[in-house]
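Reading through the structure tokens given below for one structure.
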Amino acid sequence: MSGHLTRRALAGGAALLATPRLARAQAWPSGPIRLVVPFAPGGSTDLTARLVAEGLGQRLGVPIIVENRPGAGATTGTQVVADAAPDGQTLVMSNIASHAISPALYPNLRYDPVTSFTHIAMVITNPSAWVVNKDSGIKNLADLVQAAKARPGGLDMATSGAGSSNHLMVVRFCELAGIEHTHVPFRGAGPAMVAVIAGQVTMMSDSLPSAASHIRAGTVRPIAMSSAERHPGFPDVPTFREQGFDLSSTSWFALSGPAGMAPAVVERLHREVMAVIATPTNQRRFAEMGGTPGDMTPAEFSAFVASEVARWAPVVRASGATVG
Amino acid sequence: METLLANLALGFSVAFSLENLTFALLGAFIGTAIGVLPGIGPVATISLLLPITFGMSPTTAIIMLAGIYYGAQYGGSTTAILLNLPGEVSSVVTVIEGYKMARNGRAGAALATAALGSFFAGSVATVVVAASGPLLTSIALSFGPADYFSLMFLGLIISAVLAQGSIVKGIGMVVLGVGLGLVGTDVQTGQQRFTFGVPELSDGVDFVAIAMGMFGIAEIILNLERPESRNVLTNKVGSLYLTREEFRRAVPSVLRGTLLGTVIGILPGGGASLSSFGSYMIERKVSKYRHLFGTGAIEGVAGPEAANNAAAQASFIPLLTLGIPANAVMALMVGALIIQGIQPGPRMVEAQPDLFWGLICSMWVGNLMLLIINLPMIGMWVKLLEVPYRHLYPAIMIFCAIGMYSINNNVFDVYLMVLFGLFGYLCSKVKLEGAPLLIGFVLGPMMEEHLRRAMLLSRGDVMVFVERPISASMLAISAIALLAMMLPNLRAGKEKAMAEGG
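Read top to bottom, the protein sequences are chains A and B. The numbers in the first sequence follow my numbering, run straight up by one, and end at 1579. The numbers in the second sequence follow my numbering, run straight up by one, and end at 486.
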């Protein structure tokens, strides 16, 4: 993007041509910016959006209105942004559900996760932690596989919901390990964690931000982390790869807009988002939540979304979860 | 005991700082204001105000948010009593007797009962939370899916009795409610059920759409149809406060409601709503004035209001000791804390004692603030009833529509609300009650979820429901209740009692 600007600055003869585009870039932002969160208030997508909105609003000098449009696996709110004008005034908090899993889950989706959007900036990524009841005697994935083989119907595995990235990880793992499992979905991570603490369900795949406090408090035992490398906040928890399973997955929260946004606006937004997540306070908040600040150019992020879509589609099919 | 006192002293020293008192008052005030606006709930308000709290100290922030939560709960009862508009699950039963009291000219007394009953229940629950939070947590943890199922089954069985007319109609409405509750994405498989390809239905029908439609909008249509009843409210405002007689009648109900609410409130998910339904049932069965139920019995306001406030307080226990939010408001509070860099959870008591105990004491302070704000305002609220219908009804409709829209920012929900308004009007024409439908709607899906989870975990063995002592005793009570309803001679006796209740 910066290359584009430089080229334009150098090409004096193109000044006339460039003027309208420049004017458009200067006119942006032309008022409050709508940031659509495709989930209900209080979840991790919502929290991330509000953190970004606070800092971004200050830097851009306009209010950022966070608008929750939950529903249909995050596709309802995402569709709204896909249909909006690409003037930079309407953005969406894109995430693994809206842009990687739901496209495979909802066959009648009207948007394409890659081409219907301008992907701007990765905000935060976080791995999943697999935790077990602390009296279960399971200390690692090998124990888990053994326990699963010993029980008819396999091991009980809790997740925050059918079709969530955590559910799909469980499906993929059991394929790799050649074991059966009984998937026990809950409405959200909270009730599922209670069931694991109470010992009603043996194991849970949970995203790190919601599992972190329980792991730190020792109420559940972590047995594996889904990141490619060990997580700096939890250096004692081995990854799946270290334990012999070729599995890694990170959940992500990012900023996207409708397709066809002006490159100058995209460049400015990307720069400001990077500045917002780089402040020491936000770095500390992200670390507390167990997340890693995003570090991708808009082009890299677009390619990443495409790779995520390709990667989750077969897993969704294997899980048997479909909608519509 | 000494540590408890020391902890409470620490808590009160935090809660009574000028800054925290101010924000507790501000929160309670904002909460009351949004609570009386139909449909604009605490979730929308707290999410709007969340960025403001970033600059506050975490304790102050959470105290203000908690104030909004209680204020909204109380404000919700105000509209339920005055306008037949339950904005929250817990105020559905307040509507039944409270609105009748208002129509009898006892709106002031009903509002005062709700305020005083809630304050008392809140005070007791605060002490219970402080003294035995961790112990109560272990009780909540001992409830497995089978136990939850049996508890809710019991709730559904007794809710059929809520219907004031025929049992058959009552059961019919419960079943219809359960059916409506099943609309949306199946939790277990992700399949869409009864959505007819409408994407807006994939997360189910919104509770507020049914509640405001069936009660509020339907009531407006009914009133417009009966011009002669328009003057009922305005002519008989009556004494604003409780008579000695009313006070005496309300006290035992408040005590029973408080006990029930504190016990059931600790169960994550559905505790608060179950407790107000349960309290209404108990009052209707054991109160000395049960024959007055259906005509505006003060017990039917005092018990459920106390129960739901006690439960609202007790629902902080899972949040504070486990870090698990019991509802959407709690989830937002967790969010506020996380943004402040505090992870709510088991370690919070040790790591942030001033926050933990400050919050507990501010619960009590918040309840006191509500009393201070609301008792003097009762006169004003009652005056609201004197607003001519031609001004009042359009205003209510507008606020309902705005409130409904603001929940999901979705116009579809507004249409749904109108649809349920028309349906509610038809129901009153054929004497079908709305309350059993809403109870079925709330409890049915939870019951299904726990049933299927229990069966998943037991690998299809139904014995799990009778092998667990908690579940077995709930089922036994349900069986007795069912038998009592079905045995013909007992049923005759019940119908006689119902006839007395009018």
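A virtual CB, placed ideally from N, CA and C, is assigned to each residue, including glycine.
- Val1520/A and Gly1343/A have their C-alpha atoms roughly 7 Å apart.
- Interface residue (Cβ-Cβ distance to chain B less than 8 Å): Leu1302/A is classified as such.
- Under the 8 Å criterion on CB atoms, Leu1311/A is classed as non-interfacial with respect to chain B.
- Each of Ile36/B, Met48/B, Pro35/B and Ala17/B was checked against the Cα of Thr6/B, and the nearest Cα belongs to Met48/B.
- When 7 Å is used as the limit between beta carbons, Phe38/B is near these residues of chain A: Glu1309, in chain order.
- In this chain, the alpha helix (DSSP H) harbouring Arg240/B covers Arg228 to Gly249.
- Of the residues Glu1522/A, Trp1507/A and Met1529/A, the one whose Cα lies closest to the Cα of Asn1381/A is Trp1507/A.
- Using a C-beta cut-off of 8 Å, the region 1461 to 1469 of chain A makes no contact with the region 129 to 144 of chain B, since fewer than three inter-stretch Cβ pairs fall below that distance.
- Interface criterion met: the Cβ of Asn393/B is under 8 Å from a Cβ in chain A.
- Met1348/A places its beta carbon less than 8 Å from that of Leu1510/A.
- CA-to-CA, the gap between Arg274/B and Gly128/B works out to about 35 Å.
- Under the Cβ distance rule, Asn1323/A counts among the residues neighbouring chain B, one pair being separated by less than 8 Å.
- The three-state secondary structure of Ala1554/A, taken from DSSP, is helix.
- Positions of the alpha helix (DSSP H) runs, each at least 4 residues long and wholly inside the region 1381 to 1460 of chain A, are given as 1396 to 1405, 1420 to 1432 and 1444 to 1453 in order along the chain.
- The closest CA to that of Ser1285/A, considering only Met1544/A, Glu1322/A, Thr1345/A and Pro1569/A, is found on Thr1345/A.
- Per DSSP, Gly1473/A lies in no beta strand (DSSP E) segment and is marked neither H nor E.
- Contact check between the region 308 to 321 of chain B and the region 350 to 367 of chain B: fewer than three CB pairs, one atom from each, fall below 8 Å, which does not count as touching.
- Per DSSP, Leu1502/A lies in no alpha helix (DSSP H) segment and is marked neither H nor E.
- Residue-level contact check: Asp1411/A touches chain B, since one or more beta carbons of chain B fall below 8 Å from its beta carbon.
- Shortest Cα-Cα distance from Trp1283/A to any of Glu1309/A, Asp1390/A, Glu1522/A and Arg1471/A involves Glu1522/A.
- A direct Cα-to-Cα measurement between Ile1478/A and Ala1384/A gives close to 8 Å.
- Counting only runs of 4+ residues, the alpha helix (DSSP H) found wholly inside the region 356 to 428 of chain B occupies 373 to 392 and 395 to 413, in chain order.
- If you draw a straight line from the Cα of Tyr54/B to the Cα of Ala64/B, it is about 15 Å long.
- Cβ atoms of Pro1513/A and Ala1339/A come within 8 Å of each other, at about 5 Å.
- A contact between stretches requires three or more CB pairs, one per stretch, nearer than 8 Å, and the region 1414 to 1422 of chain A meets this requirement with the region 1436 to 1443 of chain A.
- Between Ser1299/A and Ala1329/A, the C-beta spacing is not below 8 Å.
- Taking 8 Å as the CB threshold, Arg1305/A lines the interface with chain B.
- A residue is called buried once 16 or more other Cβ atoms fall within 10 Å of its Cβ, and Asp397/B is buried on that count.
- With a beta-carbon spacing of about 28 Å, Val1378/A and Val1451/A fall beyond the 8 Å limit used to define contacts.
- Contact between Leu369/B and Ala91/B holds, since their C-beta atoms are separated by about 6 Å, short of 8 Å.
- In the DSSP assignment, Ser1349/A falls within the beta strand (DSSP E) that extends over Thr1345 to Asn1350.
- In this structure, the alpha-carbon of Val79/B lies about 7 Å from that of Leu69/B.
- Comparing C-alpha distances from Tyr409/B to each of Gly200/B, Gly342/B and Val152/B shows the shortest one belongs to Gly200/B.
- Straight through space, the alpha carbons of Arg1572/A and Val1369/A are spaced by roughly 20 Å.
- Three or more Cβ pairs drawn from the region 413 to 432 of chain B and the region 157 to 166 of chain B lie within less than 8 Å of each other, which places the two stretches in contact.
- Residue state for Gln1334/A is assigned as helix, using DSSP reduced to three classes.
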